[in-house]
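Peer 1: Please see the structure below; I have some questions.
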Amino acid sequence: MVKERQVPRLNAVQEQRQVVRLGQAVPYLAAAYRQALGRWVGDPVLRLAGLPFVTECYRSPERQEELYAQGRTKPGPIVTYKRGGQSNHNLSPTPALDVAFLLADGSVSWSGLLLSKFARLMKAADARVVWGGDWVTFKDRPHFEVLTREQKGGDGRG
Ligand SMILES: [Zn+2]
0 MVKERQVPRL NAVQEQRQVV RLGQAVPYLA AAYRQALGRW VGDPVLRLAG LPFVTECYRS
60 PERQEELYAQ GRTKPGPIVT YKRGGQSNHN LSPTPALDVA FLLADGSVSW SGLLLSKFAR
120 LMKAADARVV WGGDWVTFKD RPHFEVLTRE QKGGDGRG
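Here the sequence shown is numbered in numbering that gives the first Met the number 0, starting from 0 and rising by one per residue.
Here it is as structure tokens:
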């Protein structure tokens, strides 16, 4: 059983990983994330629902190739349409980051509801933020990015 009204928290190691990952992001994306996170934990309801954290920011082209293989030559669902080097995650600094939620029981959630609520805060923090959940042909709800050039209307950049 989850303890009553327990607020999920990252441990020191996890906190340090967040610092490293956000350091890989273009500064205005990291700033938007920090602002959205601040609003989230400042909300008495949202802070109990789960704690947002960055699961991935920069991604090496090698790891991108591994993800591309998933659902094609390896088992699992398709999670990306981008090969190594093609994803915005492969840029450094990167204009892309992926978010999940730590729950009070220590598990990790990719709840579409929580992600859509967090997306609202991200877009409010910086109008340049694009949420992968808004893409039409390939919804990538954990994915957020900022436009570094004119790239409106595309899909599956994650
Ligand atoms: Zn992504």
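The beta carbon of each residue, even a glycine, is placed where N, CA and C say it ideally should be. As the structure is a prediction and not an experimental result, all values here were calculated from the model.
Rounded to whole angstroms, what's the CA-CA distance from Val-12 to Val-19? Just pull it up for me.
Peer 2: C-alpha separation (whole angstroms): 11 angstroms.
Peer 1: Buried or exposed for Thr-136, please, with buried defined as at least 16 other CB atoms from any protein chain shown within 10 angstroms of its CB.
Peer 2: By the 10 Å Cβ count, Thr-136 comes out exposed.
Peer 1: Using the Cα positions of Leu-45 and Trp-39, report the straight-line distance between them to the nearest angstrom.
Peer 2: Near 6 angstroms, if we compare the C-alpha coordinates of Trp-39 and Leu-45.
Peer 1: Should Ala-118 go down as buried or exposed, given a rule of 16 or more other Cβ atoms within 10 Å for buried?
Peer 2: With 16 or more other Cβ atoms within 10 Å, it is buried.
Peer 1: At a threshold of 8 angstroms, does Glu-55 count as lining ligand 1 (C-beta to nearest heavy atom)?
Peer 2: The answer is yes for Glu-55.
Peer 1: Keeping to the same chain, check which residues put their C-beta closer than 7 angstroms to that of Lys-158; ignore five residues upstream and five downstream.
Peer 2: A question about residue 158 goes unanswered here, because the residues of the chain that appear run from 0 up to 157.
Peer 1: By a C-beta neighbour count over all protein chains shown, 10 Å radius and 16 as the cutoff for buried, is Glu-144 buried or exposed?
Peer 2: With 16 or more other Cβ atoms within 10 Å, it is buried.
Peer 1: Using C-beta distances below 7 angstroms, list every residue in its chain close to Leu-102, excluding the 5 sequence neighbours before and after it, in chain order.
Peer 2: Contacts found: Pro-7, Gly-49 and Ser-108.
Peer 1: Can you tell me whether Val-18 is helix, strand or coil according to DSSP?
Peer 2: The answer is helix: DSSP assigns Val-18 an H, G or I state.
Peer 1: How should Val-112 be labelled, buried or exposed, when 16 other C-beta atoms within 10 angstroms of its C-beta is the threshold for buried?
Peer 2: The question names Val, but residue 112 in the sequence shown is Leu. Leu-112 is exposed by the Cβ-count criterion.
Peer 1: Can you check whether the CB of Ala-124 is closer than 9 angstroms to the CB of Ala-24?
Peer 2: No, these two residues do not count as a Cβ contact at 9 angstroms.
Peer 1: Report buried or exposed for Glu-65, applying the criterion of at least 16 other Cβ atoms within 10 angstroms of its Cβ.
Peer 2: Classification of Glu-65: exposed, given that the 10 Å Cβ count is below 16.
Peer 1: Whose C-beta lies closer than 6 angstroms to the C-beta of Asp-97 among residues of the same chain, with five residues either side of it excluded?
Peer 2: Answer for Asp-97: Thr-54, Glu-55, Pro-141 and His-142, listed in chain order.
Peer 1: Taking only runs that begin and end inside the segment 65-129, name each unbroken alpha helix (DSSP H) of 4 or more residues, in chain order.
Peer 2: For the segment 65-129, whole alpha helix (DSSP H) runs of length 4 or above, ordered along the chain, are 111-124.
Peer 1: Mark Ala-126 as exposed unless 16 or more other C-beta atoms lie within 10 angstroms of its C-beta, in which case mark it buried.
Peer 2: So Ala-126 counts as exposed.
Peer 1: Give the range of the beta strand (DSSP E) segment to which Pro-43 is assigned.
Peer 2: Run containing Pro-43: none; DSSP gives neither H nor E here.
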